[in-house]
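Here our numbering is used: position 13 in the sequence shown is 1110, and no number is missing along the way.
Just so it is clear, CB atoms sit at the ideal spot from N, CA and C, and this is done for glycine as well.
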Amino acid sequence: RLWMAMSRDGLLPKIFSSIHPRFRTPWFSTILTGFMVAIPALFMNLSEVTDLSVIGTLFAFTIVCAGVLVKDKEFAGEKRFVPYINSQFIAPVLFLLVWGALLYFNGEAVRNFFTDFTSTEESAFYHKIPYFVFVLFSLAMTVLCFVKRLSLIPVLGIIFCTYLMTELGITNWTRFAIWLLIGLAVYFLYSYKHSKLHQREEVASQ
């Protein structure tokens, strides 16, 4: 039904929103989804399939939170408006408290994780990359909160979701990157030109 909604918005071909005349369900989207889920499941173990689904879902949640930050002022005053909590000082304090607690209660493990690359295991540094990225990302978000005075609730949503994505490991990130590149290719090659929003903007600009 997600594909059906995207098709109705022009992001996917119309066949994805075609309804079966008897069962009144999006038959093409249902069948295609079944094949796309069943075929990889034959060659991957269950944990790999579930982890890939989880990282995609968490990324979608992250995008939603980011969208709330971008559209925050636009929906001010509406019933479903997200309450604004200024994160200018709260976010830096939380960042310092979290890292202070980590260093105080488990400082040696944290220092070893970020400095010890003498492990005999292959690609030891490779598997630590998501954590390095998360640290830099959380620091960047903290700076943005202080400078831009972002709303705290969606910022926390972004941080929590990205941390959970980090815990899924570099292997899942690699698979997700391939999945994301395919989605971006579909968007720029088809969806952008055919979306109803883009068509309305073109009409308005004429």
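DSSP bridge partner residues for residue i (one or two, in chain order)
i            : result
residue 1183 : 1248
For residue j and residue i, the rounded distance between their alpha carbons
i            : j            : result
residue 1297 : residue 1201 : 55 Å
residue 1188 : residue 1205 : 25 Å
residue 1186 : residue 1194 : 12 Å
residue 1279 : residue 1254 : 26 Å
residue 1293 : residue 1286 : 15 Å
residue 1160 : residue 1132 : 27 Å
residue 1271 : residue 1259 : 15 Å
residue 1155 : residue 1261 : 8 Å
residue 1295 : residue 1158 : 24 Å
residue 1227 : residue 1265 : 9 Å
residue 1142 : residue 1151 : 15 Å
residue 1111 : residue 1282 : 18 Å
residue 1127 : residue 1288 : 20 Å
residue 1113 : residue 1210 : 47 Å
residue 1122 : residue 1148 : 28 Å
residue 1120 : residue 1263 : 41 Å
residue 1117 : residue 1243 : 52 Å
residue 1103 : residue 1299 : 19 Å
Nonlocal neighbours in the same chain, by C-beta distance under 6 Å from residue i, ignoring five residues either side
i            : result
residue 1192 : 1239
residue 1115 : 1125
residue 1183 : 1246
residue 1146 : 1138
residue 1249 : 1182, 1184, 1187
residue 1291 : 1107
Helix, strand or coil at residue i [DSSP, three-state]
i            : result
residue 1120 : coil
residue 1111 : helix
residue 1233 : helix
residue 1265 : coil
residue 1105 : helix
residue 1098 : coil
residue 1142 : coil
residue 1329 : What is shown of the chain runs 1098 to 1303, which leaves residue 1329 out entirely.
residue 1293 : helix
residue 1168 : coil
Same chain, Cβ closer than 7 Å to residue i, five either side skipped, listed in chain order
i            : result
residue 1241 : 1247
residue 1199 : 1207
residue 1267 : 1223, 1224, 1226, 1227
residue 1269 : 1148, 1149, 1152
Spatial neighbours of residue i in its chain, beta-carbon cut-off 8 Å, leaving aside the 5 residues before and after
i            : result
residue 1153 : 1273, 1276
residue 1130 : 1100
residue 1256 : 1235, 1238
residue 1163 : 1251, 1255
Next on the checklist: Closer than 8 Å is the cut-off here; do at least three beta carbon pairs connect the stretch 1225–1232 with the stretch 1124–1139?
Outcome noted: no
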